[in-house]
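Top line first, the protein sequences correspond to chains A and B.
Quick note on our numbering: the first sequence kicks off at 2 and runs consecutively.
Quick note on our numbering: the second sequence kicks off at 952 and runs consecutively.
Okay, structure first, notes after.
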Amino acid sequence: MDQNKLLVKLEKAGVYRSSKWLVRGISLEINQGQIVTLIGPNGSGKTTTAKMILNILNTDEGFVTGNANKMAYVPQKINIDWTMPLRVIDFMKITSSLNNTEITESLVMTGVDKLLYNQIHSLSGGEFQRVLIARAIAKKPDLLVLDEPVQGVDFNGEIALYNLIKDISVNLNCGILLISHDMHFVMSTTDHVICLNGHICCSGSPSNVVKNPEYIKLFGEHNSETLSYYQHQHDHSHDHDGSISK
Amino acid sequence: MFDDFFIRALIAGIGIAIVTGPLGCLVIWRRLSYFGDTLSHSALLGVTLAYAFSINISLSVFIISGTVALLLLSLQKRTKLAGDSLLGLLAHSTLAIGLVLIGFLSSIRFDLMGLLFGDILAVTVEDIFIIWFGGLIILGILFYIWKSIFAATVNYDLAAAEGMKPDLSNFIFTLLLAGVIAISIKMIGALLITGLLLIPAATARSLSSNPRQMVILSILVGIISVILGLFSSLELNTASGPSIIVAALVLFILSLISFKRSGALQK
């Protein structure tokens, strides 16, 4: 099997809205089995870049090419109108026809299988985030785009979800584009980091990027010391509802 | 026991309620109630033109409402004017143009009240055919695009990213909305069609826990509203459109009471 199948490629791509360039000159590649992370300050065009890759936004300059068959998206923000009664099981199926086993399996992976028949509106922020991730991976995509996927998730859950994301990239052999603020994860797990601020400031392997003066200018000196592998000391672990397992 | 016209009105009304059920759910999920209003107000212009050029009313209404709908879609992408202002602008100007034109067509006898509020006596066998045939086409297309339009309703970005073609289904949905207005204008009237879209769906909301349930319930509530409304229209000699909407409102209030009792009123 070709391990490095190219999934998506941007060439000098840009989006122009309301008389300014949201992003410009973005070139990047995502291959099978690779985790690419976008970092950058607020308004630097991370989400815009993700939307170009997903064909949600048309580029006004440059090209997007790719041969990903199935893309899945975890958006940064999603509001479901209260007038729509929607259970987790209904939400899981909105873009693909999944059977109940596939649905339950991926909800188990993100630790929210007990919520299968709960109303979407009754979920907490963290629970909803887990459902969003479960929905995206249940499709078994070959390209997965995650925009701030662990926002609102508690500390232990965050680590578990990041580990899950890493597992997914191995198990599904899919490409992952991740937008994240969590430097620990970015630096320890990502294959390729792209530092964005309307354009690509710098990119490369995590260890190279942190030494780049552009990166230090954007994120400050202290962040460049977070390269050390994250280790969490705990003699037990919690399920997301607080019960102790093992 | 029943005069023939009453049976015709019942068959026509039930046909309309079956179509307004699912479309009404989409209208409230997508917060398009004012959009629906604009289309139905513009329908009056369509009726006037139908009389002026002696063409079929439903066809003319469909063309005018459909044009207004597509105009709205393209204007919403191009102007900075807030969506509701744009809708109000088009709703009232098309209504006004329609009323002005009626003034010009003084040679033709008009039942303005009937056009605005629906006329139970006006339903012919041909209308029944248009309602059921048109309704089946609308439902068929809606069924075909349901997955896509539903995904786009939940979240546009998700639908677009995962290949559900939301722009295409939005476009088709808008035309279907114009279609349902076209087939129901004679029965319900230009001013009240949106009521039949919204109220049964809103009633169904408080009684459902998933989308499919809500669609089925809003069809049932719509049918019950039509039956109750037409009977009271016959008994009390009131206009058919308003009677149906009042019946729908009564059911909505009842659903709120039962909803509160069950303690499910949580946001």
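All C-beta atoms in this analysis are idealised placements derived from N, C-alpha and C, irrespective of residue type, glycine included.
Bounding residues of the beta strand (DSSP E) (the contiguous stretch that carries residue i)
i, result
"Glu-62 (chain A)", "62-67"
"Ser-204 (chain A)", "201-205"
"Cys-976 (chain B)", "Segment 955-980 is the alpha helix (DSSP H) holding Cys-976 (chain B); no beta strand (DSSP E) there."
"Met-72 (chain A)", "72-75"
Buried or exposed (CB count within 10 angstroms, at least 16 for buried), residue i
i, result
"Met-952 (chain B)", "For Met-952 (chain B), the predicted structure reports a pLDDT of 42, less than 50, and the residue's modelled location is therefore unreliable. The matter cannot be settled from this model."
"Asn-1106 (chain B)", "buried"
"Leu-1056 (chain B)", "exposed"
"Pro-1151 (chain B)", "buried"
"Ala-1047 (chain B)", "exposed"
"Lys-140 (chain A)", "buried"
"Arg-131 (chain A)", "buried"
"Lys-1137 (chain B)", "buried"
"Arg-1156 (chain B)", "buried"
"Phe-92 (chain A)", "buried"
"His-992 (chain B)", "buried"
"Ile-1208 (chain B)", "exposed"
"Leu-23 (chain A)", "buried"
"Asp-171 (chain A)", "The question names Asp, but residue 171 (chain A) is Val in the sequence shown. Classification for Val-171 (chain A): exposed."
"Gly-1009 (chain B)", "For clarity, residue 1009 (chain B) is Ser in the given sequence; the question names Gly instead. Buried: at least 16 other Cβ atoms inside 10 Å."
"Met-53 (chain A)", "buried"
"Asp-1108 (chain B)", "buried"
"His-1043 (chain B)", "exposed"
"Thr-1075 (chain B)", "exposed"
"Tyr-230 (chain A)", "Its pLDDT being 40, under 50, Tyr-230 (chain A) is placed unreliably in this model, and the value from its coordinates should be taken loosely. Label assigned to Tyr-230 (chain A): exposed."
"Lys-21 (chain A)", "exposed"
"Phe-129 (chain A)", "buried"
"Met-1064 (chain B)", "exposed"
"Ser-1025 (chain B)", "exposed"
Three-state secondary structure assigned by DSSP to residue i
i, result
"Trp-22 (chain A)", "strand"
"Val-1074 (chain B)", "coil"
"Thr-38 (chain A)", "strand"
"Lys-78 (chain A)", "coil"
"Lys-13 (chain A)", "strand"
"Ser-28 (chain A)", "strand"
"Leu-1 (chain A)", "A question about residue 1 (chain A) goes unanswered here, because the residues of chain A that appear run from 2 up to 247."
"Leu-8 (chain A)", "strand"
"Ile-166 (chain A)", "helix"
"Phe-1004 (chain B)", "coil"
"Ile-57 (chain A)", "coil"
"Lys-94 (chain A)", "coil"
"Asp-988 (chain B)", "helix"
"Asn-209 (chain A)", "helix"
"Asp-114 (chain A)", "helix"
"Ser-1025 (chain B)", "helix"
"Ala-51 (chain A)", "helix"
"His-235 (chain A)", "In this prediction, His-235 (chain A) has a pLDDT of 49, which is less than 50 and means its spatial position is unreliable; nothing more can be read from the coordinates."
"Leu-1010 (chain B)", "helix"
"Gly-1085 (chain B)", "helix"
"Leu-173 (chain A)", "coil"
"Leu-1200 (chain B)", "helix"
"Ala-994 (chain B)", "helix"
Residue range of the alpha helix (DSSP H) that includes residue i
i, result
"His-193 (chain A)", "Taken as a continuous stretch (DSSP letters only), His-193 (chain A) belongs to no alpha helix (DSSP H), being part of the beta strand (DSSP E) at 193-197."
"Ile-177 (chain A)", "Counting along the chain, Ile-177 (chain A) falls outside any alpha helix (DSSP H), though it belongs to the beta strand (DSSP E) covering 176-180."
"Gln-300 (chain A)", "Residue 300 (chain A) lies beyond the residue range present for chain A, which begins at 2 and ends at 247; the question has no answer from this structure."
"Pro-214 (chain A)", "214-220"
"Pro-86 (chain A)", "No alpha helix (DSSP H) contains Pro-86 (chain A), which DSSP labels as neither H nor E."
"Thr-1045 (chain B)", "1034-1055"
"Val-1172 (chain B)", "1162-1187"
"Leu-1158 (chain B)", "Unbroken run through Leu-1158 (chain B): none, as it is neither H nor E."
"Ser-189 (chain A)", "184-190"
"Leu-983 (chain B)", "Where Leu-983 (chain B) is concerned, there is no enclosing alpha helix (DSSP H), given that its DSSP letter is neither H nor E."
beta-carbon residue i near the ligand MG non-hydrogen atom, thresh 7 Å
i, result
"Trp-1097 (chain B)", "Because no ligand of any kind appears in the structure shown, any question about the ligand MG cannot be addressed here."
- Within the segment 116-161 of chain A, note down every full alpha helix (DSSP H) run reaching 4 residues or more, in order along the chain. Those alpha helix (DSSP H) runs which fall completely within the segment 116-161 of chain A and span 4+ residues are 126-139.
- Task: For the segment 1107-1118 of chain B, enumerate the residues whose C-beta is nearer than 9 Å to any C-beta of chain A, in chain order.
- Result: Residues of the segment 1107-1118 of chain B with a Cβ closer than 9 Å to any Cβ of chain A, in chain order: Tyr-1107, Asp-1108, Leu-1109, Ala-1110, Ala-1111, Ala-1112, Glu-1113, Gly-1114, Met-1115.
- Query: Which residues, in chain order, does the segment 72-83 of chain A contribute to contact with chain B at a C-beta distance below 7 Å?
  - Reply: The residues in question are Met-72, Ala-73, Tyr-74, Pro-76, Ile-79, Ile-81, Asp-82, Trp-83.
- Item | Runs of alpha helix (DSSP H) wholly within the segment 1109-1147 of chain B (minimum 4 residues, chain order) | If we require 4 residues or more, the alpha helix (DSSP H) runs fully inside the segment 1109-1147 of chain B come out as 1117-1139.
- In the segment 1142-1163 of chain B, which residues sit with their C-beta less than 7 Å from some C-beta in chain A, listed in chain order? Residues Arg-1156, Ser-1159, Ser-1160, Asn-1161, Pro-1162.
- Can you list, in chain order, the residues of the segment 46-65 of chain A whose Cβ is nearer than 8 Å to any Cβ on chain B? Residues are counted here when their Cβ sits less than 8 Å from a Cβ of chain B; for the segment 46-65 of chain A these are Lys-52, Leu-55, Asn-56, Ile-57, given in chain order.
- Message: By the 8 Å beta-carbon criterion, what residues does the segment 1127-1140 of chain B contribute toward chain A?
- Response: Those would be none; no residue qualifies.
- For the segment 93-104 of chain A, enumerate the residues whose C-beta is nearer than 8 Å to any C-beta of chain B, in chain order. The residues in question are Ile-95, Thr-96, Ser-97.
- Task: Could you name the residues of the segment 120-154 of chain A whose beta carbon sits closer than 8 Å to any beta carbon of chain B, in the order they occur along the chain?
- Result: So the list reads Gln-120, His-122, Ser-123, Lys-140, Val-146, given in the order they occur along the chain.
- Message: Taking beta-carbon pairs under 9 Å, can you tell me which members of the segment 6-40 of chain A lie near chain B?
- Response: Taking 9 Å as the cut-off between beta carbons, none of the residues of the segment 6-40 of chain A comes near chain B.
- Item | Within 7 Å of chain B by C-beta, residues of the segment 161-182 of chain A in sequence order | So the list is empty, because no residue satisfies the distance condition.
- Query: Which residues, in chain order, does the segment 964-980 of chain B contribute to contact with chain A at a C-beta distance below 7 Å?
  - Reply: The residues in question are Ile-979, Trp-980.
- Relative to chain A, which residues along the segment 1029-1057 of chain B have a C-beta separation below 9 Å, given in chain order? Of all residues in the segment 1029-1057 of chain B, none has a Cβ within less than 9 Å of some Cβ in chain A.
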